[in-house]
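Going down the list, the sequences are from chains E and P. The opening residue of the first sequence carries number 119 in our numbering; numbering runs sequentially from there. The opening residue of the second sequence carries number 119 in our numbering; numbering runs sequentially from there. Even glycine gets a Cβ: it sits at the ideal position worked out from N, Cα and C. Here is the structure we will look at.
2 protein chains.
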Amino acid sequence: MSAHRTTIADVARLAGVAASTASLAFSGKGTVSDATRTRVLDAAAALDYAGPDPRAASLRTGRSGIVGVVLEEHLGVAFLDPVKTAMLDGLTEGIAPLGAGLLLLRDHEGEAGLETAPLDAVVLIGCSGRLQASLATVRRRGIPVIVIDGDAGEGIPQITLDNRAATRQIAEYLHALGHRDVAIVTLPFQAERTRRFLEAGTDDALITIDITRERLAGAREVFPGAPAIASAGSFIDEGLLAGRTLLADAATRPAATRPTAIIAQSDLLAAGVIRAAEELGLRVPDDVSVAGFDGITVDGLAPFELATMVQPATEIGRMAGASLVRMLDGETPTSISMNCVFRMGNTTSAPRSSADCP
Amino acid sequence: MSAHRTTIADVARLAGVAASTASLAFSGKGTVSDATRTRVLDAAAALDYAGPDPRAASLRTGRSGIVGVVLEEHLGVAFLDPVKTAMLDGLTEGIAPLGAGLLLLRDHEGEAGLETAPLDAVVLIGCSGRLQASLATVRRRGIPVIVIDGDAGEGIPQITLDNRAATRQIAEYLHALGHRDVAIVTLPFQAERTRRFLEAGTDDALITIDITRERLAGAREVFPGAPAIASAGSFIDEGLLAGRTLLADAATRPAATRPTAIIAQSDLLAAGVIRAAEELGLRVPDDVSVAGFDGITVDGLAPFELATMVQPATEIGRMAGASLVRMLDGETPTSISMNCVFRMGNTTSAPRSSADCP
DNA sequence: TTGTAGGCGTTATCAC
DNA sequence: GTGATAACGCCTACAA
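Put into structure tokens, the structure is as follows:
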């Protein structure tokens, strides 16, 4: 009357074979005669046996079939970022050869997950804050790890983007079009996510988020004193607010002091800037050019196609996954730098000369 | 020289205690003297021992600390749905007492995950297609399961919404305002996601997705012959397309045949319909009223606040999680029906009488 | 092609 | 408060 769970041994007994043979029949590893395999599978069906217990298998094999993804933010927030979701999407493909699933983990103090979950490998995505702490945990456990969008330092394989060069490229493009008065809308500059102007030079030290700093620096390499306003998040509504602030005085100020172009550090922010321009009766790109970053599809932005740096988010995720697969195969991991591609879109043009604005 | 991994036995030996005692020191379960605990923890630190191997622990305890979430779609698509992400968000809170993580699984034929992952419990979200197959797998494994947004049938605990009644309520509200010519924009009606008109009666059988059918039926209980157009997905751009189709002829047709109100089956679709109206020079809500479903915040829709049925998505996720926790505690699971709340917003008004349109 | 033996690392249960 | 022992269910050598 013991509530004995059905095990592979029971199945083997019913099939009249040894447990090890049954194991082979399930895994398909060794060479088992068709007759035997069928007998085992039939026995399993008869006993309503659902297959080898993954817990026991994983103790034995050392593999759990689980890859952890550490996201810095509250999960709901991370899901709102199309770049992150694209990366997750690519990651699922990249680790497909493992037949593994993705375990969502938050990079949160005292969060049990990273310390105790049965993980074969880990991906850290954009965890600027507790990155080092998380890395320490993972390394101590001896789990292969790869970092995306974060400066992990020596010896940790990472997949990186040259955010500074990419943004400089956008700026150079606008400069070549003739723009000289360019403003910038940045991603949050610190974990607290407050909105504020970021003065060139004096405020640089405030910026604790790598991506924000690098992208801003790249733009200012071309437009040194360009005014920048930090948003509280990568959202259309945030871009709208910033855009209003930057463009609102267009009617009352001389055209020369109103930016002729705005560089936003994400496509969602750029979309908001475009909304702000429309709201103020400015035409894009005739009155103001707008460029973004990411290359995602902004739902609802049609007929505009943003000028943007297309970052290979899905590909980055896929590469990360592939990298982990190789590490688990015993290969030495390497860091990879990915390239962005500029897409012109239809939201930029040469600035109207002041002669055009009587 | 064997590459022997450090185990709890090694730690125990160094600390001069038995392995079982060391285990207690780590888990904090039994009664261990402070001195002993300190000795064990010190020994662990000295050996760089990262704590009990979760694989072995889970074999012993029968718990893996992992809850599976099965999403029907390609993960990238699921992440685009704010309702689903809100549910995931709530779910993480709901299962917090377990200290468990969420394992993302796709409801895909031959996908290994659901069959072999070490899962303590499973949540199926909106898996109309292979729902039964997935359920069978899970039940055979004897894993507690709960279903959200899907008709699981007898004996399976579910968290449901009365989509039909909720939509009828929206329709009744519009009817009370005086609307008689109402059109509907639906979610996809089948897995293939093609756009098409859905004739009342004749096309009903085509609809294989529960939510779509129920919400449509609810609207037609009030507006029996209402024209409906199925979208290819819950996106603003899809709502835009459908909205154009429904409203485009406004200028050339007599006002009487143009809908005075449109019910969209999701807020994103409704946002697109509003865009379409604006594009055509129609004012919302003066020229056309628009209502949605979900109650999410549509980024970029300001200053409109949608008239919509607010569904408690986060709460649903939380309840699902709490339910699983109880099941794992041995309680008998029960199904729960959640209620939506109508939010008026500012996108509906009484239709302009034909007298207003000379 | 199949069977035997041993151990993966932990924790529950008891006795002390 | 601590120690010994016995599973947990499976997989992989290796032997037959």
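For residue i, write down the residues that DSSP places opposite it in a beta bridge.
{"i": "E:Q276", "result": "E:V265"}
{"i": "E:G410", "result": "E:T426"}
{"i": "P:V402", "result": "According to DSSP, P:V402 bridges with nothing at all."}
{"i": "E:G186", "result": "E:L221, E:V240"}
Starting from residue i, find everything on chain E with Cβ-Cβ shorter than 8 Å and list it in chain order.
{"i": "P:A420", "result": "D355, L358"}
{"i": "P:I243", "result": "Simply none; closest approach about 13 Å."}
{"i": "P:F197", "result": "F197, T203, L206, D207"}
{"i": "P:A114", "result": "Residue 114 of chain P lies beyond the residue range present for chain P, which begins at 119 and ends at 476; the question has no answer from this structure."}
Quick one: which chain E residues come within Cβ less than 7 Å of residue i?
{"i": "P:P172", "result": "T234, A235, P236"}
Contact criterion: CB-CB distance below 8 Å. Does residue i meet it with respect to chain P?
{"i": "E:G463", "result": "no"}
{"i": "E:S176", "result": "yes"}
{"i": "E:R314", "result": "no"}
Any C-beta of chain E sitting closer than 8 Å to the C-beta of residue i?
{"i": "P:I184", "result": "yes"}
{"i": "P:R311", "result": "no"}
{"i": "P:D474", "result": "In this prediction, P:D474 scores a pLDDT of 47, lower than 50, which makes its location untrustworthy; the coordinate-derived value is nonetheless stated afterwards. Not an interface residue."}
{"i": "P:S120", "result": "Any reading at P:S120 is ruled out, since the residue's pLDDT is 48, under 50, leaving its predicted position unreliable."}
At a CB-CB cut-off below 9 Å, which residues of chain E make contact with residue i?
{"i": "P:A230", "result": "G183, G217, A218, G219"}
{"i": "P:T210", "result": "H192, L193, G194, L222, R224"}
{"i": "P:R331", "result": "Near P:R331 there are no residues of chain E at all, since even the closest Cβ is about 25 Å away, more than 9 Å."}
Would you check whether the ligand HEM has a heavy atom nearer than 7 Å to the C-beta of residue i?
{"i": "E:A196", "result": "Because no ligand of any kind appears in the structure shown, any question about the ligand HEM cannot be addressed here."}
Quick one: list the residues of chain P neighbouring residue i, beta-carbon separation under 7 Å, in chain order.
{"i": "E:G390", "result": "G418"}
{"i": "E:R91", "result": "It is not possible to answer for residue 91 of chain E, since the shown part of chain E is limited to 119 through 476."}
Inspect the CB distances between the stretch 268-283 of chain P and the stretch 242-258 of chain P and report whether three or more fall short of 8 Å. yes
Please go through the stretch 442-469 of chain P and give each complete beta strand (DSSP E) segment of 3 or more residues, from N-terminal end onward. 454-456, 459-461
Quick check: the stretch 432-440 of chain E against the stretch 195-215 of chain E, are at least 3 beta-carbon pairs closer than 8 Å? yes
Within the stretch 301-381 of chain E, ranges of the beta strand (DSSP E) (whole runs, at least 3 residues): 314-316, 346-348
Suppose only complete runs of 4+ residues qualify. What are the alpha helix (DSSP H) ranges in the stretch 207-251 of chain E, listed by chain order? 231-234
Start-end ranges of the alpha helix (DSSP H) lying completely within the stretch 132-172 of chain P, minimum 4 residues: 137-145, 152-165
Could you say if the stretch 182-199 of chain P and the stretch 158-167 of chain P meet the contact criterion of at least three C-beta pairs nearer than 8 Å? no
Segment contact, 8 Å Cβ cut-off, at least three pairs: the stretch 290-307 of chain E with the stretch 461-468 of chain E: yes
For the stretch 375-386 of chain P against the stretch 410-418 of chain P, do three or more pairs of beta-carbon atoms, one drawn from each stretch, fall closer than 8 Å, so that the two count as touching? yes
So does the stretch 414-428 of chain P actually touch the stretch 445-453 of chain P, counting three or more Cβ pairs closer than 8 Å? no
Taking 8 Å as the cut-off, does the stretch 390-397 of chain P touch the stretch 308-325 of chain P (at least 3 CB pairs, one atom from each stretch)? no
Does the stretch 221-240 of chain P come within contact of the stretch 241-250 of chain E, defined as at least 3 CB pairs closer than 8 Å? no
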